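Participant:
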Amino acid sequence: MKLAIEFSLKEPEFPLDFRRTMLSFLKKCLTDANQGKFMDKYYGSGQEKDFTFSVFFVRPGFQKDRILLKQASGKMLFSCAEKFTGFLFFSAFLEQQKKPFPLEHGNYLTVQSVRKVMEPETRESRVMIKMLSPLCVREHTREGNRDQYYTYEDAGFEEKAEYVIRHKLIRAGFSEELSGTVHIAPVNCKRTVVEFYNRKIPCSLGYFLLEGDRAVLNHLLKAGICSRCSAGFGMPELK
């Protein structure tokens with residue numbers, strides 16, 4: 012399911028680390044919905060999440076500590092692979108309509124509308140995608156609790172990205188055989204650096220060629236691709 016959430020702002024600005032802000036908003040939605048009974052399902056320790064999101068503003072101007080906007084409004088696209096998750100968040104977003112959500116500097120966000128949008132599927136085993144939010148490829152090392160990030164420019168990018176995708180698919184219930192059919196290749200990309208929880212994370216934007224079993228591809232189109240999808244990374248658009 013894919014949802015479009017339109018929101019207004021008291022002031023035409025937004026925190027620079029806007030994914031962190033939207034994560035807080037998602038948690039607020041779940042806390043208020045159904046007396047918070049599903050909060051642990053998604054944000055309990057070690058819980059897998061099958062959703063992704065992307066945030067859009069009109070002509071944003073990125074400053075040192077905030078984003079200045081031409082309009083006091085924005086939009087979030089939310090996408091998930093599981094129907095229960097979709098209906099739960101759809102209801103949770105609707106419940107937040109007209110309720111101010113506090114932001115920095117006395118600003119606040121208010122949901123104005125929530126609607127389902129068309130969710131294209133592919134019948135092909137090879138598709139072109141455009142990243143609506145940055146593609147994050149993270150390699151985590153338990154020893155020392157270290158993270159290394161790869162962009163399309165780095166040697167070994169495709170191997171690392173496919174490793175992350177395969178393991179994500181296996182955790183989602185796909186067989187190793189089907190998960191192993193996925194291949195990704197950059198086509199027309201650029202490197203970007205994202206502010207996230209006081210860290211600078213190198214990521215990739217642009218167009219990628221994605222190959223694999225059709226069921227696997229359609230799952231990725233809904234749930235997101237590679238790392239940190241539920242934190243606002245890896246949302247693809249079928250081209």
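So that you can map any letter, position 32 of the sequence shown is 43 in the numbering used here, and since no number is skipped, the others follow by simple counting.
Even glycine gets a Cβ: it sits at the ideal position worked out from N, Cα and C.
All figures in this text were calculated on a predicted structure; none of them were measured in a lab.
Could you name the residues of the same chain whose beta carbon sits closer than 6 Å to that of F244, not counting the 5 residues immediately before and after it, in chain order?
Facilitator: For the purposes of this step, residue 244 is taken as the residue at position 233 of the sequence shown. S144, P145 and C147.
Participant: Exposed or buried, what is P247 when buried is set at 16 or more other beta-carbons lying within 10 Å of its beta-carbon?
Facilitator: If you number the sequence shown from 1, residue 247 lands on position 236. Buried, because 16 or more other Cβ atoms sit within 10 Å of the Cβ of P247.
Participant: Give the single residue among C91, D28, E93 and K110 whose Cα lies nearest to the Cα of D76.
Facilitator: Locating residue 76 in the sequence shown gives position 65, where the first residue counts as 1. Looking at the Cα atoms, D28 is the closest of the given residues.
Participant: I need the DSSP call for Q82, collapsed to helix, strand or coil.
Facilitator: Residue mapping note: residue 82 aligns to position 71 of the sequence shown, counting from 1. It is coil, neither helix nor strand.
Participant: Can you give the beta carbon distance from F89 to I140, rounded, assuming they're within the 8 Å contact cut?
Facilitator: By one-based count along the sequence shown, residue 89 stands at place 78. By one-based count along the sequence shown, residue 140 stands at place 129. About 18 Å; that fails the 8 Å criterion.
Participant: Judging by CA-CA distance, which residue of S19, E150 and E115 is the nearest neighbour of K86?
Facilitator: Taking the first residue of the sequence shown as position 1, residue 86 is located at position 75. Per the Cα distances, S19.
Participant: Is it true that the CB of L34 sits closer than 9 Å to the CB of F100?
Facilitator: Indexing the sequence shown from 1 puts residue 100 at position 89. Indexing the sequence shown from 1 puts residue 34 at position 23. Contact flag unset, no.
Participant: Does the ligand FAD have a heavy atom nearer than 8 Å to the CB of H151?
Facilitator: The ligand FAD is not part of this structure, which contains no ligands at all.
Participant: Compare the C-alpha of A92 against each of E130, E164 and D224 and name the closest.
Facilitator: Counting from one through the sequence shown, the residue named residue 92 turns up at place 81. The candidate whose alpha carbon is nearest that of A92 is E130.
Participant: Quick check on the DSSP output: the beta strand (DSSP E) that includes M142 runs from which residue to which?
Facilitator: Mapped onto the sequence shown, residue 142 falls at position 131. Start and end: R137 to M142.
Participant: Which residue from L180, T96, S241 and F168 puts its Cα closest to that of N229?
Facilitator: By one-based count along the sequence shown, residue 229 stands at place 218. Selected option, being the one with the closest Cα: L180.
Participant: Assuming V66 contacts L80 under a Cβ cut-off of 8 Å, what Cβ separation, rounded to an integer in Å, is found between them?
Facilitator: For the purposes of this step, residue 66 is taken as the residue at position 55 of the sequence shown. For the purposes of this step, residue 80 is taken as the residue at position 69 of the sequence shown. With a Cβ gap of about 12 Å, V66 and L80 do not count as contacting.
Participant: Just tell me which of E188, A83 and G223 has its CA closest to the CA of E22.
Facilitator: On the sequence shown, position 11 is the one that residue 22 refers to. E22 has its Cα closest to that of A83, out of E188, A83 and G223.
Participant: So, at 7 Å on beta carbons, what are the nonlocal neighbours of L249 in its own chain, with the 5 sequence-adjacent residues on each side left out?
Facilitator: Here residue 249 is taken as the residue at index 238 of the sequence shown, counted from 1. Answer for L249: P131, T133, V138, I140 and L232, listed in chain order.
Participant: So the candidates are Q123, F64, N118 and I78; which of them puts its Cα closest to the Cα of G97?
Facilitator: Looking up residue 97 in the sequence shown gives position 86. G97 has its Cα closest to that of F64, out of Q123, F64, N118 and I78.
Participant: Just how far apart, CA to CA, sit D61 and A234?
Facilitator: For the purposes of this step, residue 61 is taken as residue 50 along the sequence shown, with counting starting at 1. For the purposes of this step, residue 234 is taken as residue 223 along the sequence shown, with counting starting at 1. D61 and A234: Cα-Cα distance of roughly 5 Å.
Participant: When the distance is taken between beta carbons, is P71 closer than 9 Å to F104?
Facilitator: One-based indexing of the sequence shown puts residue 104 at position 93. One-based indexing of the sequence shown puts residue 71 at position 60. Their beta carbons are not under 9 Å apart, which means F104 does not touch P71 by this criterion.
Participant: Just to confirm the assignment: which complete alpha helix (DSSP H) runs, minimum length 4, are found wholly within the region 216-250?
Facilitator: Taking only runs of at least 4 residues, the alpha helix (DSSP H) segments lying wholly in the region 216-250 are 225-234.
Participant: How is M12 classed by DSSP in three states: helix, strand or coil?
Facilitator: Translated into positions along the sequence shown, residue 12 becomes position 1. In this structure, M12 counts as coil in the three-state DSSP scheme.
Participant: Considering only DSSP beta bridges, list what V125 is partnered with.
Facilitator: Taking the first residue of the sequence shown as position 1, residue 125 is located at position 114. V125 pairs with I16.
Participant: With DSSP run on the structure shown, which of helix, strand or coil describes L105?
Facilitator: As a first step, residue 105 is located in the sequence shown; it is residue number 94 there, counting from the start. Looking at L105 - three-state DSSP - the assignment turns out to be helix.
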